[in-house]
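**Student:** Got a structure here, written out as structure tokens. Questions coming.
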Amino acid sequence: MILPIIMAGGSGTRLWPLSRGNYPKQFLKLHGENTMLQETILRLNGLEHAPAMLICNEEHRFIAAEQVRQIGVAHSGIFLEPVGRNTAPAIGLAAFKAVESNQDALLLVLAADHVIENQAAFKESVNKATLLAEQGKLVTFGIVGNTPETGYGYIKRGAEVEHGFVVDSFVEKPNLETAQEYIASGDYYWNSGMFLFKASRYLEELKAFRPDIYEACEKAVQVQNNDMDFVRVDKDAFEACPDESVDYAVMEHTQDAVVVPMDANWNDLGGFAALWEVSEQDENGNAFIGDVKSVDTKNTLVFGEDKLVTTVGVENLVIVNTKDAVLVAHKDESQKVKEIVSQLKADERSEVTFHREVYRPWGKYDSVDNGERFQVKRITVKPGAKLSVQMHHHRAEHWVVVSGTAKVQIDDTEQFVTENESVYIPITAVHALENPGKVDLELIEVQSGSYLGEDDIVRFEDRYGRVKG
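Be aware that the sequence shown starts at 31, since it is given in this note's numbering, and climbs by one per residue.
Spelled out as structure tokens, the structure:
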């Protein structure tokens with residue numbers, strides 16, 4: 031049985047300011063009506079498989095769980111990496127978990143941020159690879175490319191085997207001239223980063239070639255903490271694990287690596303040029319998302335999140351407008367966005383990590399305005415959800431209900447607050463906010479005080495496990 035392993039880590043820095051640390055590209059709607067994670071899960075429809083297992087960062091756990099819930103699909107658990115250690119250890123955790131359940135499943139390793147438009151071709155390649163994986167082969171999927179891409183690694187095929195080819199070698203990202211030679215030869219595929227192999231075979235090869243990674247993963251999964259949908263492993267053991275990709279750790283060394291071609295209109299959305307390529311374009315080659323008006327504009331990507339964006343007489347640009355940041359780049363230079371992110375990190379700018387609109391397990395908030403000693407937020411609480419029982423040392427809060435009904439706790443009293451009503455939360459008062467209704471609760475929160483940071487929250491109770499022991 032195939033057990034899909036969906037890798038949902040990463041920060042997607044080359045798609046900033048759309049993609050940010052606390053809400054990266056795999057959780058965004060960049061191509062189609064669903065998020066990239068949701069599309070990856072739905073792509074499995076039609077394959078015989080067990081519910082997918084997700085692997086993501088601790089800070090993204092509620093986003094991942096909510097997005098799976100939204101599409102009504104069962105899953106086999108959400109593995110939480112205490113720290114990022116690249117793909118070889120992440121797959122090692124999943125493999126140990128699969129073997130632990132006495133199911134030597136075929137692990138179909140997929141990234142949560144790929145676009146695959148030809149679903150039938152994807153499934154055809156997976157079915158071919160299944161026959162090889164059942165024989166103990168470690169299968170990688172090679173994308174049939176028709177252009178000399180310099181942003182991808184390549185796989186050189188060797189002798190033909192049934193349904194695929196022996197892997198001759200893995201090749202780093204080439205320069206343009208070399209990439210042209212690769213495509214012309216017909217012997218090279220783009221390296222997709224997707225794999226299929228038995229859990230036990232992966233662990234055998236990992237132990238043979240990288241026993242340090244094997245031992246760290248084995249030790250990490252010996253201590254598991256199951257919390258709702260989430261599976262946590264031993265933090266200290268996993269932190270000691272080396273950071274390594276599956277290609278370097280296993281696939282470049284094993285004698286059983288095979289490549290199955292996949293011609294499925296694949297794209298890894300590694301930057302804005304790739305997003306432009308997969309987006310619907312007008313007769314001038316423009317891809318406009320949002321409220322956009324243009325004159326004499328060609329081959330340009332415009333993403334407008336919350337306001338009108340207009341262009342006049344421009345060509346080959348990327349223009350991205352979010353609620354708190356604007357990016358303007360030449361499309362051919364858009365990979366360098368990650369250098370902007372590096373500058374922002376050095377300056378400790380919050381825009382690297384947070385959007386203005388921040389998602390929480392109970393809903394979301396939008397920081398509408400702020401100034402000296404005040405901050406205004408628009409808060410949305412999902413039906414049945416409750417914020418933690420908490421207090422603040424430095425700020426008071428006023429809540430004005432816009433729609434829905436709020437159940438408010440202040441110290442030892444509880445009250446219901448409905449539309450057009452308000453309530454005041456004094457400094458140091460122990461308080462909680464809950465939505466007891468069937469529709470979203472919308473309210474405006476005005477904070478006032480000497481310090482308004484998110485770290486001025488002392489939690490006493492929390493249904494989402496955020497109280498520190």
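Backbone N, C-alpha and C fix where the C-beta goes; we use that ideal spot for every residue, glycine too.
Does Y454 pass the burial test, meaning 16 or more other C-beta atoms within 10 Å, or should it be called exposed?
**Tutor:** The residue labelled residue 454 in the question sits at position 424 within the sequence shown. Exposed, because fewer than 16 other Cβ atoms sit within 10 Å of the Cβ of Y454.
**Student:** Tell me H105's beta-bridge partners as DSSP assigns them.
**Tutor:** On the sequence shown, position 75 is the one that residue 105 refers to. Note: H105 sits in a beta bridge opposite A82.
**Student:** Can you tell me the Cα-Cα spacing of A38 and L58, whole angstroms?
**Tutor:** Working through the sequence shown from its first residue, we reach residue 38 at position 8. Working through the sequence shown from its first residue, we reach residue 58 at position 28. If you take the alpha carbons of A38 and L58, they lie about 12 Å apart.
**Student:** Are G467 and T443 close, meaning C-beta to C-beta below 7 Å?
**Tutor:** On the sequence shown, residue 467 is found 437 positions in, with the first residue counted as 1. On the sequence shown, residue 443 is found 413 positions in, with the first residue counted as 1. Not closer than 7 Å, so no.
**Student:** Mapping the DSSP letters down to three states, classify M292 as helix, strand or coil.
**Tutor:** For the purposes of this step, residue 292 is taken as the residue at position 262 of the sequence shown. Looking at M292 - three-state DSSP - the assignment turns out to be strand.
**Student:** With respect to the beta strand (DSSP E) encompassing P241, which residues constitute its N-terminal and C-terminal limits?
**Tutor:** Locating residue 241 in the sequence shown gives position 211, where the first residue counts as 1. Not the beta strand (DSSP E): P241 falls in the alpha helix (DSSP H), residues P241 to V251.
**Student:** Using DSSP bridges, identify the partner residues of F333.
**Tutor:** As a working note, residue 333 is residue 303 in the sequence shown. DSSP lists I319 and V350 as partners of F333.
**Student:** According to DSSP, simplified to helix, strand and coil, what is N221?
**Tutor:** Here residue 221 refers to the residue found at position 191 when the sequence shown is read from its first residue. Note: N221 maps to strand in three-state DSSP.
**Student:** If you run the structure through DSSP and keep just helix, strand and coil, what is T208?
**Tutor:** Along the sequence shown, one-based indexing puts residue 208 at 178. In the structure shown, T208 sits in a helix (DSSP, three-state: H, G or I).
**Student:** In three-state DSSP terms, what is P119?
**Tutor:** Position 89 of the sequence shown holds residue 119. In this structure, P119 counts as helix in the three-state DSSP scheme.
**Student:** Measure the alpha-carbon distance for L77 versus K153 and round it to whole angstroms.
**Tutor:** Position 47 of the sequence shown, counted from the start, is the residue given in the question as residue 77. Position 123 of the sequence shown, counted from the start, is the residue given in the question as residue 153. Rounded to the nearest angstrom, the two C-alpha atoms are 7 Å apart.
**Student:** Looking at K328: is its Cβ nearer than 7 Å to the Cβ of N314?
**Tutor:** Counted from its first residue, the sequence shown places residue 328 at position 298. Counted from its first residue, the sequence shown places residue 314 at position 284. Against a cut-off of 7 Å, the Cβ pair of N314 and K328 comes out as a contact.
**Student:** For a test of the three-state rule: what should DSSP assign to N450, helix, strand or coil?
**Tutor:** Against the sequence shown, residue 450 aligns to sequence position 420. Coil, per DSSP.
**Student:** Could you name the residues that DSSP lists as bridge partners for R50?
**Tutor:** Numbered from its first residue, the sequence shown carries residue 50 at position 20. According to DSSP, which records beta bridges pairwise, R50 is partnered with Y53.
**Student:** Grouping DSSP H, G and I as helix and E and B as strand, with all else coil, what is M258?
**Tutor:** Your numbering for residue 258 matches position 228 in the sequence shown. Three-state DSSP puts M258 in coil, outside helix and strand.
**Student:** Which of helix, strand or coil does DSSP assign to D362?
**Tutor:** Here the question's residue 362 lines up with position 332 in the sequence shown. Correct three-state label for D362: helix.
**Student:** Tell me whether the region 82-92 and the region 236-250 touch, counting them as touching only if at least three CB pairs, one residue from each stretch, are closer than 8 Å.
**Tutor:** Taking 8 Å as the limit for Cβ pairs, the verdict is that the region 236-250 does not touch the region 82-92.
**Student:** For A174, does the three-state DSSP call read helix, strand or coil?
**Tutor:** The residue labelled residue 174 in the question sits at position 144 within the sequence shown. In the sequence on display, residue 174 carries Val and not Ala. The answer is coil: DSSP assigns V174 none of H, G, I, E or B.
**Student:** When the distance is taken between beta carbons, is R408 closer than 7 Å to V398?
**Tutor:** Position 368 of the sequence shown, counting from 1, holds the residue named residue 398. Position 378 of the sequence shown, counting from 1, holds the residue named residue 408. Yes. Within cutoff.
**Student:** Excluding sequence positions up to five away, which residues of its chain have a Cβ less than 8 Å from the Cβ of V431?
**Tutor:** Within the sequence shown, residue 431 is the residue found at index 401, counting from 1. Correct list, in chain order: V447, T448, E449, N450, E451, S452, L471, E472 and L473.
**Student:** What residue from K127, H105, V469 and N295 has the CA that sits closest to G175's CA?
**Tutor:** On the sequence shown, residue 175 is found 145 positions in, with the first residue counted as 1. Considering only alpha carbons, the answer is N295.
**Student:** Whose C-alpha, out of K186, V382, R386 and V156, is nearest the C-alpha of M292?
**Tutor:** For this step, residue 292 is matched to residue 262 along the sequence shown. Taking only the C-alpha atoms, the option nearest M292 is V156.
**Student:** Using only alpha-carbon positions, find the residue among F333, V325 and E335 that is nearest to V342.
**Tutor:** Working through the sequence shown from its first residue, we reach residue 342 at position 312. Answer by Cα proximity: V325.
**Student:** For T177, which option in V261, V103, E307 and E335 has the closest C-alpha, if you only look at C-alpha atoms?
**Tutor:** As a first step, residue 177 is located in the sequence shown; it is residue number 147 there, counting from the start. Nearest of V261, V103, E307 and E335 to T177, Cα basis: E307.
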